[in-house]
Amino acid sequence: MAKQEQQFWLMKSEPDEASIDTLQAAGTLPWTGVRNYQARNFMRDTMRPGDGVLFYHSSCPEPGIAGLAEVCSGPYPDPTQFDPDSPYFDPKSPRDTPRWTLVDVRFIRKTPLISLADLRAHPGLEEMIVLRRGNRLSITPVTPAEWRIITRELMPRA
DNA sequence: GCCAACGTTGGC
DNA sequence: GCCAACGTTGGC
């Protein structure tokens with residue numbers, strides 16, 4: 027069987043809810059709460075264990091990449107869609123054909139914050155989806171070239 | 001708090 | 001299937 031190529035992603039999280047420190051403390055976290063079909067489809071159809079993840083802090087005083095993680099499970103139903111006490115409860119999601127799917131993410135390491143300004147200023151990152159005007163997608167693919175630039179040139183040590 | 005961008009909903 | 005209204009995201 028041919029070895030699958032590693033893929034790369036940027037995943038946004040609001041640090042008030044789950045920061046890189048939350049992930050570090052937990053070790054792994056289920057990526058709950060995604061309620062956007064495009065982002066769900068990435069988790070359900072495309073992500074694989076071992077894929078690299080740029081952990082991004084959004085909607086906070088210092089938005090930017092705060093650490094590295096990796097996908098560590100296959101897709102499975104997001105349990106919060108069935109929990110009436112959860113803010114992510116979706117009463118329209120059928121039990122037998124759950125609407126929302128997630129993957130687990132494992133902590134690798136924290137990094138000094140790479141701000142949006144840092145990303146915008148760095149050659150080779152101009153096309154990153156997260157930098158596009160009006161972008162709201164919480165999970166976006168990162169190209170191997172972008173991953174290499176970010177992890178090798180913007181993250182000191184290793 | 002503002003507001004641009006964009007996804008979703010629902011009437012028709 | 002169109003599209004206006006509405007809600008949410010997320011940087012600033």
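Here the first sequence is numbered in this note's numbering, starting from 27 and rising by one per residue. Ideal placement from N, C-alpha and C gives every residue a C-beta, glycine not left out. In this text, all values refer to a predicted model and were calculated from it rather than measured experimentally.
Asked	Found
Which residue's Cα is closest to the Cα of residue 40: 133, 53, 148 and 91?	91
Going by beta-carbon coordinates alone, are residue 106 and residue 99 separated by less than 8 Å?	no
Residue 93 and residue 46 - do their beta-carbons sit closer together than 8 Å?	yes
Within the same chain, show all residues whose beta-carbon is closer than 7 Å to that of residue 66, passing over the 5 residues directly before and after it, in chain order.	60, 126 and 127
So, helix, strand or coil for residue 123, using DSSP?	coil
Enumerate in chain order the residues of its own chain whose CB-to-CB distance from residue 86 is below 6 Å, with the five nearest sequence positions on each side excluded.	41
In terms of alpha-carbon separation, which member of 74, 138, 152 and 64 lies closest to residue 177?	138
Looking at residue 36 and residue 102, is the spacing between their C-beta atoms short of 8 Å?	no
What is the DSSP secondary structure of residue 57, counted as helix, strand or coil?	coil
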